[in-house]
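Visitor: There's a structure below that I have some questions on.
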Amino acid sequence: MGYLNDKGVTYDYFESLAFQQMLKEKGIVQFLSLLKIFGKFQLHEHQFEHLSDPNLKQVQTKMQLFWGDEFEGHVIKLYDDQKLALLNPNTSGLFQSLGEEQQKKLPFVILPEFGAWMIELTPNKPYQCMCFNFDQVLINMRKRIQTLQSYLPQGNQYLLIPVYPMMGVGRFTTTVESDLTASMIEKIRSQTSYIEGTPTLQQDEKQFQNEKLIQPATPYKELPVEPICNYFSQSIYFDDRIINPHPRYSTLAQNIRLRRGSKVEIKIPLYIDQNTNVEQSEYEPNPGFITMDHMGFGMGNCALQTTYLSIDIDHARLLYDQLAVLAPLFAALTAGSPIYKGKLSNWDTKWDCLEMSVDCRSEYERNPKNPNYIPKSRYSSISYFISNDKMNLEEYNDLNFPANEEIMQFAKQKAKEMEIPLDDKLLRHLGILFLRDNMVMFKDKIHIDDNTAHFEAIQSSNWNSVRFKPPPSYNSKIGWRVEFRTMEIQLTAEENAAWSIMILMIVRLFFTNLIPVNFYMPLSLVDENMRRSKEKGAILNQKFFFRTNFQEYGPAVIEELSLKEIFFGKQDGSFIGIIGLIYQNRNIVSKQQCAQKEEYIYQKNKKLQDEVIEFVKSKVYGNTKTLATWMRDFVISHPNYNKDSIVTHEINYDLIKTLTSIKDRQKEDPHFPLIFSM
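Residues 700 to 1377 (this note's numbering) make up the sequence shown, in order.
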């Protein structure tokens, strides 16, 4: 998440109000400067140095596709003697032990994340496609996971699941090896007198820290529960000391709460079983729901994301729109989040949990009857199609989503002064982005204008289903990119590689003009699909709105279809499905792009793609379970489950232990097959 180069003291939200408008305007100017430099950027102009044959024709070179992936995992420590599986928030030692030079030698990059127990892994250079050994995705993912695991202390596991099941349940982490970090203490001391009217600068440090601890709410006394620090969040379940010590993260947790005017409120419907207790209590104030109150319940979860370098800005805008339509479908396909705060839920995905965990809208902005109403959290599906392509009909932008009209007027005037073309759709996209406030301001950075930090402060904290990404700096060799953000992390390297290749095969459709492809439909229906995608068993039981005339440019013909039909077509042959499009396109592209390569590469890629398609088929036909269904079924069938929706620490231990054995291929399970024959 976000940008971690900046360090120092940050403003709390109330202090930042004096600078919000100024920094938004600076951010707009930075984007416009990028637009002026890269508005005519085309991929083939900067690509030759990366190609094995720089004399390839432009028409072929333009079809090259550079892309990458990133995923996070939880570091979990297993205590076999106590039957406990607890998050280990003491991963900072790993980054300290791996020196900068050693990290440079790795074929991937190791990054921290919001939770101090989380580690993100991403390749250190992009994959290249069209003619490319697709198996490199799997090889790279396996290497990342295995190498990181080898760096962890004995008894710790790097586990790829979206949500750690026991987060917020009494003691759910190993002992925190450090007290409040120095940066946290400095931040609290600088703010306490401002917020609480109590000077603290002369207090003894240990006394100071102890005064910031509270006793957390807990449902039962399986484990001794130690006091927690909730200064930034005011949570009654989650210890702020397990937030990553970088000031960006604790500032986000605090400022989201301050802007909102209250703690975040996450409510997820409870899975009701025979003995489920739905009575109100301090621990569960909303009967029938699992209640959580900290950013970490959302941003402490893990995902699989992919990013694609587009041909040019127009191509990126079209790809952004098209992938936005597919985003809810891939959330349902990769569902893996059925347990929150030690209880079974009625949802399969974490998307809405993330939305609620960073919802900084004020009470008025959350009220549909208020003129300042903002319909969505800053973590949400997109709200506006931005392409000027003829396929993007006005009727598809039917949300009438509010925008920052003042900043739009500023951007329009500034673009005129800078002699930069800025069309209405891109202008409104900026207005919607800059409807949100900057949540992290570093006191020593607000007057620095020689980079794109002020734009990225807004851009990187608009966590949407897809993200339109300009070049990262004024002297960048990287062009316009699109990030696909709704897939849930999967347990094994094979599954994550398969889903990454599946979406890649769809993205490749938009790098050729060989066949027409048009997924556009009204955004209100895309939002409805997102609502349906989280429901229990959505991959088999829900129908989703989808365009069936997806090879035509006129108005959309829309039907409600199952995921099986959307991907593999109708039985009567009247609709070929997304896989049908891929079959139409792939042989032409592969043969054209691989003409100068060995035949075996073409055949190997074709076989690998077929294996991915069979994997997807097994999911949408119900032959293999999603991770969400598998985990829920595991709990329900556990001998110690009391049909009360509760996941105890012992059940959680058995769950994590079993998942670890499957991940390491020490235990076979038909629902986690070896997808690839390589």
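The beta carbon of each residue, even a glycine, is placed where N, CA and C say it ideally should be.
In angstroms with no decimal places, state the Cα-to-Cα distance between S1376 and T1033.
Guide: Rounded to whole angstroms, S1376 to T1033 spans 22 angstroms at the Cα level.
Visitor: Could you give the residue range of the beta strand (DSSP E) that holds H773?
Guide: Unbroken beta strand (DSSP E) run through H773: 764-778.
Visitor: Apart from the five residues just before and just after F740, which ones in its own chain have a Cβ nearer than 8 angstroms to its Cβ?
Guide: Excluding positions up to five away in sequence, the list reads D1011, I1012, P1170, G1178, W1179.
Visitor: Answer yes if the region 1008-1027 comes into contact with the region 956-965, meaning at least three C-beta pairs across the two stretches below 8 angstroms, and no otherwise.
Guide: Because the criterion of three Cβ pairs below 8 angstroms is not met, the region 956-965 and the region 1008-1027 do not touch.
Visitor: Using 10 angstroms around the beta-carbon of S849, count the other beta-carbons present and answer buried if the total reaches 16, otherwise exposed.
Guide: Its Cβ having fewer than 16 others within 10 Å, S849 is exposed.
Visitor: Using beta-carbon positions only, say whether N1045 and P968 come within less than 7 angstroms of one another.
Guide: Taking 7 angstroms as the Cβ cut-off, N1045 and P968 qualify as a contacting pair.
Visitor: Quick check: F1154 and F730, are their CB atoms within less than 7 angstroms of each other?
Guide: Yes, the Cβ-Cβ distance between F1154 and F730 is below 7 angstroms.
Visitor: What's the gap between the Cα of E771 and the Cα of L1017?
Guide: Approximately 28 angstroms between the Cα atoms of the pair.
Visitor: Identify the continuous alpha helix (DSSP H) that holds I965 and give its terminal residues.
Guide: Per DSSP, I965 belongs to no alpha helix (DSSP H); it is in the beta strand (DSSP E), 965-968.
Visitor: Any contact of the region 979-995 with the region 1348-1364, i.e. 3+ C-beta pairs under 8 angstroms?
Guide: No contact exists between the region 979-995 and the region 1348-1364.
Visitor: Closest by CA to F718, which one among L785, I1145, D1123?
Guide: Comparing Cα positions, the closest option is I1145.
Visitor: Contact defined as beta carbons within less than 8 angstroms: I believe Y970 pairs with S1344. What is the distance between those atoms, to the nearest angstrom?
Guide: That pair is a contact at about 5 angstroms.
Visitor: Any contact between the region 1190-1205 and the region 1231-1238? By contact I mean 3 or more CB pairs, one from each, below 8 angstroms.
Guide: Because the criterion of three Cβ pairs below 8 angstroms is not met, the region 1190-1205 and the region 1231-1238 do not touch.
Visitor: Within its chain, find whatever has a CB closer than 6 angstroms to the CB of G1279; leave out the 5 residues flanking it on each side and keep chain order.
Guide: The answer, listed in chain order, is G1268.
Visitor: Per DSSP, what kind of secondary structure is A784 in: helix, strand or coil?
Guide: Here A784 sits in strand by DSSP.
Visitor: Report the rounded CA-to-CA distance for H1337 versus T1006, giving the unit in angstroms.
Guide: Between H1337 and T1006, the C-alpha separation is close to 39 angstroms.
Visitor: Since I believe G814 is in contact with I941 (beta carbons under 8 angstroms), could you give me their beta-carbon distance rounded to a whole number of angstroms?
Guide: I941 to G814, Cβ: 6 angstroms. Contact.
Visitor: Pairing CB atoms from the region 1084-1097 with CB atoms from the region 1249-1267, are three or more of them under 8 angstroms?
Guide: Segments in contact, yes.
Visitor: Taking the straight line between their C-alpha atoms, what separation do you get for I1265 and F833?
Guide: So the two alpha carbons sit approximately 24 angstroms from each other.
Visitor: Any idea which residues DSSP pairs T990 with across the strands?
Guide: Answer by DSSP bridge pairing, in chain order: K966.
Visitor: When you compare only the Cα positions, how much space is there between I1383 and F1274?
Guide: Residue 1383 lies beyond the range of the chain shown here (700 to 1377); nothing can be said about it.
Visitor: Would you check if the region 794-806 and the region 940-960 touch, i.e. whether three or more CB-CB distances between them fall below 8 angstroms?
Guide: Touching, no, given that fewer than three Cβ pairs across the two stretches are closer than 8 angstroms.
Visitor: When the Cα atoms are used, what is the spatial distance from N929 to N1212?
Guide: C-alpha separation (whole angstroms): 55 angstroms.
Visitor: What are the boundary residues of the alpha helix (DSSP H) that includes L859?
Guide: Element bounds for L859: n/a, residue is neither H nor E.
Visitor: How long is the line joining the alpha carbons of Y1100 and R947, rounded to whole angstroms?
Guide: It is Phe, not Tyr, that sits at residue 1100 in the sequence shown. The alpha-carbon atoms of F1100 and R947 are separated by roughly 29 angstroms.
Visitor: At which residues does the alpha helix (DSSP H) containing Q1158 begin and terminate?
Guide: First-last of the alpha helix (DSSP H) with Q1158: 1152-1158.
Visitor: Give the straight-line distance between the Cα atoms of S932 and G869, rounded to the nearest whole angstrom.
Guide: Cα to Cα, S932 sits roughly 17 angstroms from G869.
Visitor: When the Cα of A952 is compared with those of C1059, P1221, Q781, which residue comes out closest?
Guide: It is C1059 whose Cα lies nearest to the Cα of A952.
Visitor: Can you tell me which of the three DSSP states I1361 falls into?
Guide: DSSP places I1361 in helix when its eight states are reduced to three.
Visitor: Less than 7 angstroms between the C-beta atoms of L777 and T872, yes or no?
Guide: No, the pair does not count as a contact, with Cβ atoms beyond the cut-off.
Visitor: Looking only at C-alpha atoms, which of V728, V924, E1187 sits nearest to A1031?
Guide: Of the listed residues, the one whose Cα sits closest to A1031 is E1187.
Visitor: On the DSSP bridge assignment, give the partners of F807 in chain order.
Guide: Per DSSP, P822.
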